[in-house]
Amino acid sequence: MPSVSRADLSPEPVVRPRLTVLGTGYLGATHAACMAQLGFEVLGVDVDASKIATLASGRVPFYEPGLEEVLEGAIASGNLRFTTSFEEAAAFGDVHFVCVGTPQKPGEMAADMSYLDACLDMLLPHLRRPALLVGKSTVPAGTADRVAARIAAEAPAGSSLAWNPEFLREGYAVEDTLHPDRLVVGTVRETDLQTMRTVYAPLLEAGVPMVETDFATAELVKVSANAFLATKISFINAMAEVCETTGADVTQLSKALSYDTRIGGRFLQAGLGFGGGCLPKDIRAFMARAGELGVDQALSFLKEVDAINLRRRARTVDLGRELLDGSFAGAKVTVLGAAFKPDSDDVRDSPALDVAATIARQGGRVTVYDPKANANAELRHPELAYASSTAEALAGADLTLLLTEWREFRELDPAEAKQAVAIPQIVDGRNALDAVAWRSAGWTYRALGRP
Ligand SMILES: NC(=O)c1ccc[n+]([C@@H]2O[C@H](COP(=O)([O-])OP(=O)(O)OC[C@H]3O[C@@H](n4cnc5c(N)ncnc54)[C@H](O)[C@@H]3O)[C@@H](O)[C@H]2O)c1
């Protein structure tokens, strides 16, 4: 911990702080727009000039339900502006939320902290008065202490840090930001805690609980929450593996488990597993950090959680190949879904795209359709073909795989879909379809963890 204590003399908290949000991606753009809607003056800052231009024009450069309306309203109210200038940000802000990316380092498990370090390099030299930086990015334990030391050395006297991890879910980002389950704030000085209470006053008044803690706990809450959720998903997927060899049905198993209130039904649907820009890289970074801290044994179970998750992708490919009598070569394969989950266009570490690309490498002629993620998918996998509708994707398919459970796929009419394909056989990678209905419409139906 830094040597400053709560009792130290520190500046009075600012009554109505002006906020900046540094890094306006999925997290930052949502945070900026929502804080402006709550009545704060907010300046969004990013190094990506085209992203800033898009946001400034009231458009969201990614798909997030409801966000564009909040963004437009916030800009129209005069509360929200965007810039690429850190000088302007430093002059404007009393509180600077750090929301830059912390992706997995290429070829390593650890998190790449270079964006966070660069963000501090860009902001700190411009600060002319005491400021509160607030870390929201997901980071390895110990980062806040390191950032606090940099602030103490490089920012005007009286500047400080709070750590405030973010729990929003893509697809529900606005709802989660305006009505979070909880707020977690790590601080060292009482005055910073008061500032954070001011910043979140509208949420606190609405009854949102705030856990007030230290830096290390605040950092760990985030990664341990993700480790728990990943473990729950991999638990039911491990049960799916066992179901596959015993003839049991994992969907009925998980339904029966979910009635136990100690277990609960959320994150207990067996299928293709987790992906996205958070869970996979966060559990890997957590393991890497635990190794550095000498407590790797405590997290060795996460290695298995990750392995179970990746095995589901391989199993999905195997199911598809089995339906095609052992080879994808030359077969027309339709993949429904590219985003890592429905209601998002995020394809970072997407299980659906991973499966699609593997099938293509094994000789399948793969056509992908996702209601929102085609463009992002094509940037990463230009070798795949993309259709502009479900109907176009299904036309003439020898095999169909449902890999992201968008509502329009869950609600497909099996009789109608059968008319479009060449061979009515489907792998339901998300256990999202009614197996009885699809089979009775004449489809060969296979799913993970089910007979
Ligand atoms: N996406 C989520 O659902 C979510 C949820 C909770 C926490 N998080 C965490 O939030 C952080 C951001 O995630 P994201 O999904 O928004 O990532 P993202 O890639 O969508 O956004 C990161 C943004 O930071 C910008 N950036 C990079 N370097 C910068 C710099 N030096 N200064 C200013 N901006 C810079 C990038 O241009 C980009 O717009 C990560 O640590 C992530 O783990 C994300």
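If you use this note's numbering, the sequence shown closes out at 481, no skipped numbers anywhere. Quick reminder that beta carbons are idealized off the backbone N, C-alpha and C, glycines included.
- Counting only runs that start and end inside the segment 72 to 105, the alpha helix (DSSP H) elements of at least 4 residues fall at 79 to 86.
- If you look at residue 193, you'll find it in the beta strand (DSSP E) that goes 190 to 193.
- Residue 80 sits exposed, since fewer than 16 C-beta atoms from the chains shown fall within 10 Å of its C-beta.
- Rounded to the nearest angstrom, the gap between the Cα atoms of residue 281 and residue 480 is 7 Å.
- DSSP places residue 321 in no beta strand (DSSP E) but in the uninterrupted alpha helix (DSSP H) bounded by 309 to 323.
- Looking at 438, 271 and 185, the one whose alpha-carbon comes closest to that of residue 120 is 185.
- Judged by DSSP in its simplified three-state form, residue 433 adopts coil rather than helix or strand.
- Rounded to the nearest angstrom, the gap between the Cα atoms of residue 92 and residue 376 is 8 Å.
- Cβ-Cβ separation between residue 60 and residue 97: approximately 6 Å, consistent with a contact (criterion under 8 Å).
- Residue 196 and residue 331 have their C-alpha atoms spaced approximately 24 Å apart.
- Remark: C-beta atoms of residue 132 and residue 153 do not approach each other more closely than 8 Å.
- Residue burial is scored here from C-beta neighbours: residue 412 has fewer than 16 other C-beta atoms within 10 angstroms and is therefore classed as exposed.
- Residue 274 and residue 427 have their C-alpha atoms spaced approximately 26 Å apart.
- Taking a C-beta distance under 8 Å as the contact criterion, residue 305 and residue 267 do not qualify as a contact pair.
- By the Cβ criterion, the segment 175 to 183 is not in contact with the segment 197 to 207, since fewer than three pairs of Cβ atoms, one from each stretch, lie closer than 8 Å.
- Taking the Cα positions, residue 222 is about 42 Å away from residue 368.
- Counting of Cβ neighbours within 10 angstroms places residue 455 among the buried residues, the total reaching 16 or more.
- At the C-beta level, residue 439 and residue 394 stay beyond 8 Å of one another.
- For residue 81, the Cβ falls inside the 7 Å cut-off from some heavy atom of ligand 1.
- In chain order, 72, 73, 74, 75, 119, 122, 123, 125, 126 and 127 place their CB closer than 8 Å to the CB of residue 50, counting only its own chain and leaving out the 5 sequence neighbours on each side.
- Residue environment: residue 90 is assigned as buried (16 or more neighbouring CB atoms within 10 Å of its CB, all protein chains considered).
- Residue 269 has its alpha-carbon roughly 18 Å from the corresponding atom of residue 348.
- Boundaries of the alpha helix (DSSP H) around residue 405: 404 to 410.
- The straight-line gap separating the alpha-carbon atoms of residue 416 and residue 62 is approximately 33 Å.
- In this structure, DSSP gives residue 252 a helical state, which the three-state scheme calls helix.
- In the three-state reduction of the DSSP assignment, residue 226 falls in the helix class.
- For the pair residue 225 and residue 161, the Cα-to-Cα distance works out to about 11 Å.
- A check of alpha carbon separations from residue 56 across 329, 183, 308 and 283 identifies 308 as the nearest.
- In this structure, residue 129 has its beta carbon less than 7 Å from a heavy atom of ligand 1.
- Taking the Cα positions, residue 187 is about 10 Å away from residue 158.
- Within 10 angstroms of the beta-carbon of residue 258 lie fewer than 16 other beta-carbons, which makes it exposed.
- In this structure the segment 398 to 410 touches the segment 375 to 389; the number of beta carbon pairs closer than 8 Å is three or more.
- Taking all protein chains in view, the Cβ of residue 441 is surrounded by fewer than 16 other Cβ atoms within 10 Å, so the residue is classified as exposed.
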